[in-house]
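Residue 314 is where the sequence shown starts when you use my numbering, and the numbers rise one by one after that.
The C-beta atom is built at its ideal place from N, Cα and C for all residues, glycine as well.
Here is the structure we will look at.
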Amino acid sequence: MKDIIIATKNPGKAKEFREFFAKYNIKAVSLLDLQEEVEDIEETGSTFEENAALKAEGIATKFNLPVLADDSGLMVDALDGRPGIFSARYAGESKDDQANLEKVLSELNDTPDNERTARFVCVLAIAIPGESTIYKKGYCEGKIAREPKGDHGFGYDPIFIPASFAQTMAELTPEKKNEISHRSNAIAQMENWIKEFNR
């Protein structure tokens, strides 16, 4: 069985990737599973791609193993694409999910329903020592609700209503969310790469 490191300390995200890779008989370990403490890599890039690559390449070099890193966020059209790459720390460095979504809601307070369009974006970077980094990108289109609803998911899920749904992402079952999420759309594009990797 091959191993891949998932560059995350987020248990929810680690679980999603672990379940996905298990289907292909690949063992995915997160930074939480490693014996050695891994320092947070500063996300100094100006795009999702740059930030994902910084994490993947830095950790791949350290452990000499394939590493998958993702950088994802929420882009709101009425806010000129914000919070974007600053999604996790939009309301401050403390990375407070509740404060972040409240800031988005307050900034959209006077925005009519038909102008509250938004999308989740996920960029995956796969770094293998000695090879060029591979990128895959996924989207989930939708709009921003007037108030938070639901207790599944994390981040901006309670205020994001996916296209063709009436509920927020946080009101959907984890299974349904995984079917339509930006992360699963990006992961789906990895299928061909996984077949090569598994040879």
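Practice task
Count the other C-beta atoms from every protein chain shown that fall within 10 angstroms of the C-beta of residue 425, then say buried if there are 16 or more, exposed otherwise.
Solution key: exposed
Exercise for the section: Label residue 467 either buried or exposed according to how many other C-beta atoms from any shown protein chain fall within 10 Å of its C-beta, with 16 as the threshold for buried. Expected result: exposed
Problem - For residue 351: DSSP bridge partner residues - result: For residue 351, which the question treats as bridged, DSSP gives no partner whatsoever.
Exercise for the section: Assign residue 345 to buried or exposed, taking buried as 16 or more other Cβ atoms, counted over all protein chains shown, within 10 Å of its Cβ. Expected result: exposed
Problem - Straight-line Cα distance separating residue 332 from residue 460 - result: 31 Å
Practice task
Count the other CB atoms, across all protein chains shown, that sit within 10 Å of the CB of residue 399; report buried if there are 16 or more and exposed otherwise.
Solution key: exposed
Handout entry: Cβ shell of residue 334 (< 6 Å), same chain only, five flanking positions each side left out
Key = 341
Practice task
Pick out the complete alpha helix (DSSP H) segments inside the stretch 325-383, 4 residues or longer, and give them in chain order.
Solution key: 361-376
Problem - Boundaries (first-last residue) of the alpha helix (DSSP H) holding residue 501 - result: 495-501
Practice task
Go to residue 438, then tell me how far its beta strand (DSSP E) extends in each direction, as first and last residue.
Solution key: 430-440
Practice task
Let me know the alpha helix (DSSP H) ranges lying completely inside the stretch 441-497, each 4 residues or longer, listed in chain order.
Solution key: 487-493
Exercise for the section: Give the DSSP bridge partners of residue 389, in chain order. Expected result: 431
Handout entry: Nearest residue (CA-CA) to residue 454, options 354, 338, 479, 494
Key = 494
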